[in-house]
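Colleague: Before we start, here is the structure in question, set down as C-alpha cells.
Residue numbers (the numbering used here), protein chains in the order written: chain D, 134 to 384; chain P, 13 to 348.
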C-alpha cells in the first residue's frame, strides 16, 4: 500500500485550472522530486497535500485513510509535514526554542502550565537529536534572526522533522541559499530517515538528480510524466519544457 | 531545561542561581515601602492592586500578543463579584478573592469565545465595545451594582479569621502584597512552562503554529481566560481594600491607563508590568500633588518620551545596559 496517494486531484479558481487530474503516489521511504517550470503548480500541489487548499475534486489518502477533509493542523497530526519556500520561523526566539515549540505541538504538550522534569527531559532529548542531525547543535542558543540564511533553511527542515512525520514535503529547501552553502542542505536531505517518504520540490537540477529515485514533471497544473531520473532526462517532452524555449538548463 | 528556554530563568543579576529571587525582591520592596511610608498605605495598596491588573494584561498582551483595550472588564466584574459575595454570602476575603477570580475567568472565557474569532484591529475595537457594554450594564443595573454611586458597604471579614482590616489599611496592604507576590510567582512559572513558550510562538507567527498542528484559537482562549482570572483577583483586592466597587474599574479609560503602564515598563517581560505601574503611579501621584490641574501634561510627555526613546520599555533599557556592562567586564577580564 502507498504511504501517500493523490488520486485524480483537481483544483480550479473560477476558470483558472491550477491542478488538473493529478495522480501521484509515494511509497514508504520514497525519494521523489517534483519539477516543472515556474507556474506549473508545484507549490499548489504541496498546499493541496498539506491541507492549505482543498481540492475541487479527487482525494488524498495517507496509509489508505482519506485525509481530504482534514484541516492543515489535523493533517500534521496524521503525519504530513511540510517546509515553506520562504522561511517561516519564530525570528526573535532561539533555535532551540523554535524547535521546542514544534516538539511540544507534536507531543500534544503545548498547553502544560508547569515544568515537568521527565517531560522536559524527553523534549530536550529529541531537540538535541534533531539539532545534531542537521548540524545545528552549536547554534541552539542563538536567535534565529542572527543565523545565516542557509542555517535558517536547515531550521525550517528541523521544524518539519520535529513533527515526526511519515510524509515530508520539502518546498524548495535550497531556495535563496548561496551556491557555497547549498552543499550542507543537500547533505542533510540525503541523510533523512530511510523510512520517511519525501517529496522534494526543487529548481536546482543538480540537487534533484542527486536526491531523487523518481521524478514527477508538472506543467500547467498537470502531470507530464513520471519516471526514474534517467527516463525523465531522456524524455522529449521534458526536454521541450525545459530546453525548448530558453535553451537553459534551469527554468 | 537550560536557561535558553526563557529569559526569566532563576539567575540573579549577580549570575548566581537563586530560586525565587524576583519574588523576594518584590516582597522586600513592598515591605520596605510599608515601613517607610506608613501614612500612604491607601495609595500604595492602590499601586499593588493596579500592578496585579497590569501583570494580568502583560500575560495576555505581552506574552500572547492579544492587543486589547477591554481588559478592565474582567477587573470590574471581579470587583463586583467580590463585593456582592461579601455583602450577600460570606465576608471571608480569601473566599471573595477566589470567587472574583472565577467570575473574571468565566467572563473572559465567554467573551473570548466570540472576541477571539477576530484579531488585530477588529479585536481591539470589539474589546473596547465589550468593556463599554459592561460599563453600561453595570450603570443601569443600579439595584444590584449601585450604579453611578458604586457598590458600597463591602466589609471584608478578618483575614485568615484572625487579622481585621484596620482603619489605617495595614492589613489590606500586606494582604494585597501577598496576593501580588504569589500571583507573580504563578504567572512567571506559567510563562516558563510549555504553555508560555507556545504563547510567545503565537505572538510571533500564529499561522506558523497552525502549520505545526497547533490550535491557535483554543490556546489564545486559555491564556485570555487566565488573564481574566488574575484581573478578577485584582478587582477583588480593589473592592476589599477600598470597601467600594465602582464603575471606574470597569472603564475603557482604566484599560487604556493599564496599557500605558505596561508599555512604559516593557511588554515582553512580566516584571515590566510591575516596574511600569510603580513608575507611572508614583509620577502621577507626585505630579498631581504639585499641580492638580496640569499633571496630565507630565504623564503625556512621559508616554511620548518612552515610546520614542524606550521602545522596549524601562525593563528593556535596563537589560540593554546590563548586557553591555557584562560584555565590557568580560572584555576587561580577558585582557592581560
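Ideal Cβ placement from N, Cα and C applies to all residues, glycine included.
Being a predicted model, the structure only gives us computed values, none of them experimental.
Assuming residue 242/D is part of the beta strand (DSSP E), what are its boundary residues?
Modeller: Numbered from its first residue, the first chain carries residue 242/D at position 109. Where residue 242/D is concerned, there is no enclosing beta strand (DSSP E), given that its DSSP letter is neither H nor E.
Colleague: Please state whether DSSP places residue 131/P in a helix, a strand or coil.
Modeller: Within the second chain, the letter at position 119 stands for residue 131/P. Of the three classes helix, strand and coil, the one that applies to residue 131/P here is coil, per DSSP.
Colleague: Along chain D, in chain order, which residues have C-beta atoms closer than 8 Å to that of residue 210/P?
Modeller: Sequence index remark: in the second chain, residue 210/P carries index 198 (1-based). Chain D residues near residue 210/P: 234, 237, 238, 243, 244.
Colleague: Assuming residue 52/P is part of the beta strand (DSSP E), what are its boundary residues?
Modeller: Sequence index remark: in the second chain, residue 52/P carries index 40 (1-based). Run containing residue 52/P: none; DSSP gives neither H nor E here.
Colleague: Give the residues from the segment 28-43 of chain P that approach chain D closer than 7 Å (Cβ to any Cβ), ordered along the chain.
Modeller: none
Colleague: List, in chain order, every chain D residue whose beta-carbon is nearer than 9 Å to that of residue 201/P.
Modeller: As a first step, residue 201/P must be located in the second chain, where it is residue number 189. Close partners of residue 201/P in chain D (Cβ separation under 9 Å): 246, 247, 248.
Colleague: Determine the closest residue to residue 60/P out of 159/P, 75/P, 41/P, with distance taken between C-alpha atoms.
Modeller: As a working mapping, residue 60/P is identified with position 48 in the second chain. When only C-alpha atoms are compared, the closest one is 41/P.
Colleague: Might you give, ordered along the chain, the residues of its own chain that have their beta carbon closer than 7 Å to the beta carbon of residue 268/P, omitting 5 neighbours on each side?
Modeller: The residue labelled residue 268/P in the question sits at position 256 within the second chain. Excluding residues within five positions, the ones whose Cβ falls inside 7 Å are 81.
Colleague: Is the segment 94-114 of chain P touching the segment 208-224 of chain P, taking contact as three or more C-beta pairs under 8 Å?
Modeller: no
Colleague: So, residue 322/P versus residue 315/P, is the Cβ gap smaller than 8 Å?
Modeller: Counting from one through the second chain, the residue named residue 322/P turns up at place 310. Counting from one through the second chain, the residue named residue 315/P turns up at place 303. Taking 8 Å as the Cβ cut-off, residue 322/P and residue 315/P do not qualify as a contacting pair.
Colleague: Is the shortest distance between the beta-carbon of residue 322/P and the beta-carbons of chain D less than 8 Å?
Modeller: On the second chain, residue 322/P is found 310 positions in, with the first residue counted as 1. Not an interface residue.
Colleague: If I follow the unbroken alpha helix (DSSP H) through residue 180/D, where does it start and stop?
Modeller: In the first chain, the residue the question calls residue 180/D occupies position 47. Start and end: 175-183.
Colleague: Taking 7 Å as the limit between beta carbons, can you name the residues of its chain near residue 222/D, skipping five residues before and five after?
Modeller: Counted from its first residue, the first chain places residue 222/D at position 89. Contacts found: 231, 277, 285, 288, 289.
Colleague: Would you call the segment 274-291 of chain P and the segment 153-161 of chain P in contact, with 3 or more CB pairs under 8 Å?
Modeller: no
Colleague: Just to make sure I have the definition right: I need the residues of chain D whose C-beta is within less than 7 Å of the C-beta of residue 217/P. Which are they?
Modeller: As a position in the second chain, residue 217/P is number 205, starting the count at 1. Simply 221, 223.
Colleague: Thinking C-alpha only, which one of 35/P, 272/P, 74/P, 103/P is nearest residue 248/P?
Modeller: Locating residue 248/P in the second chain gives position 236, where the first residue counts as 1. Out of 35/P, 272/P, 74/P, 103/P, 103/P has the C-alpha closest to the C-alpha of residue 248/P.
Colleague: Short check: CB of residue 90/P to CB of residue 116/P, under 8 Å?
Modeller: Working through the second chain from its first residue, we reach residue 90/P at position 78. Working through the second chain from its first residue, we reach residue 116/P at position 104. Yes. Within cutoff.
Colleague: What span of residues does the beta strand (DSSP E) with residue 164/D cover, start to end?
Modeller: Locating residue 164/D in the first chain gives position 31, where the first residue counts as 1. From DSSP, the beta strand (DSSP E) with residue 164/D extends over 164-168.
Colleague: Any idea which residues DSSP pairs residue 175/P with across the strands?
Modeller: Locating residue 175/P in the second chain gives position 163, counting from the first residue. Paired residue(s): 171/P.
Colleague: Rounded to the nearest angstrom, what separates residue 182/P and residue 226/D at their Cα positions?
Modeller: Counting from one through the second chain, the residue named residue 182/P turns up at place 170. Counting from one through the first chain, the residue named residue 226/D turns up at place 93. Near 43 Å, if we compare the C-alpha coordinates of residue 226/D and residue 182/P.
Colleague: Is the Cβ of residue 205/P closer than 8 Å to any Cβ of chain D?
Modeller: On the second chain, position 193 is the one that residue 205/P refers to. Cβ-Cβ to chain D under 8 Å: yes for residue 205/P.
Colleague: Enumerate in chain order the residues of its own chain whose CB-to-CB distance from residue 87/P is below 6 Å, with the five nearest sequence positions on each side excluded.
Modeller: Taking the second chain and counting its residues from 1, one reaches residue 87/P at position 75. Closer than 6 Å at the Cβ level, and outside the excluded window around residue 87/P, lie 65, 243, 246, 247, 261.
Colleague: Beta-carbon of residue 210/D versus every beta-carbon of chain P: anything under 8 Å?
Modeller: Stepping through the first chain from its first residue, residue 210/D is reached at position 77. Yes - at least one Cβ of chain P is within 8 Å of the one on residue 210/D.
Colleague: Along the chain, which unbroken stretches of the alpha helix (DSSP H) at least 4 residues long are found entirely within the segment 239-315 of chain D?
Modeller: 250-266, 282-295
Colleague: Considering only the alpha carbon of each residue, which of 194/P, 218/P, 304/P lies closest to residue 33/P?
Modeller: As a working mapping, residue 33/P is identified with position 21 in the second chain. For residue 33/P, the nearest C-alpha among the options comes from 194/P.
Colleague: Return no unless some Cβ of chain P is closer than 8 Å to the Cβ of residue 206/D.
Modeller: Here residue 206/D corresponds to residue number 73 of the first chain, with the count starting at 1. Closer than 8 Å: yes.
Colleague: Is residue 143/P closer than 8 Å to residue 264/P when the C-beta atoms are compared?
Modeller: Numbered from 1 along the second chain, position 252 holds the residue referred to as residue 264/P. Numbered from 1 along the second chain, position 131 holds the residue referred to as residue 143/P. Yes, the Cβ-Cβ distance between residue 264/P and residue 143/P is below 8 Å.
Colleague: One question on the structure: do residue 292/D and residue 276/P come within less than 8 Å of each other, judged by their Cβ atoms?
Modeller: Locating residue 292/D in the first chain gives position 159, where the first residue counts as 1. Locating residue 276/P in the second chain gives position 264, where the first residue counts as 1. Not a contact, by the Cβ cut-off of 8 Å.
Colleague: Which same chain residues end up closer than 7 Å to residue 147/P when comparing Cβ atoms and leaving out the 5 residues on each side of it in sequence?
Modeller: Here residue 147/P refers to the residue found at position 135 of the second chain. Closer than 7 Å at Cβ, skipping near neighbours: 259, 262, 263.
Colleague: Could you tell me the distance, in whole angstroms, from the CA atom of residue 299/P to the CA atom of residue 311/P?
Modeller: Numbered from its first residue, the second chain carries residue 299/P at position 287. Numbered from its first residue, the second chain carries residue 311/P at position 299. Straight-line Cα distance between these residues: approximately 9 Å.
Colleague: What is the DSSP secondary structure of residue 146/D, counted as helix, strand or coil?
Modeller: In the first chain, residue 146/D corresponds to position 13, counting from 1. Three-state DSSP puts residue 146/D in a strand.
Colleague: For a contact defined as C-beta to C-beta under 8 Å, what are the partners of residue 226/D on chain P?
Modeller: Looking up residue 226/D in the first chain gives position 93. Within 8 Å Cβ-Cβ: 212, 213, 216.
Colleague: For residue 340/P, which three-state DSSP category applies?
Modeller: Here the question's residue 340/P lines up with position 328 in the second chain. Correct three-state label for residue 340/P: helix.
Colleague: Strictly by DSSP, which residues pair up with residue 334/D?
Modeller: Residue 334/D sits at position 201 when you count from the first residue of the first chain. The partner list for residue 334/D (beta bridge, DSSP) reads 167/D, 304/D.
Colleague: In chain B, which residues lie with their C-beta within 8 Å of the C-beta of residue 220/P?
Modeller: Of the protein chains in the structure, D and P, none is chain B.
Colleague: Would you tell me roughly how many angstroms separate the C-alpha atoms of residue 374/D and residue 319/P, rounded to the nearest one?
Modeller: Within the first chain, the letter at position 241 stands for residue 374/D. Within the second chain, the letter at position 307 stands for residue 319/P. Rounded to the nearest angstrom, the two C-alpha atoms are 56 Å apart.
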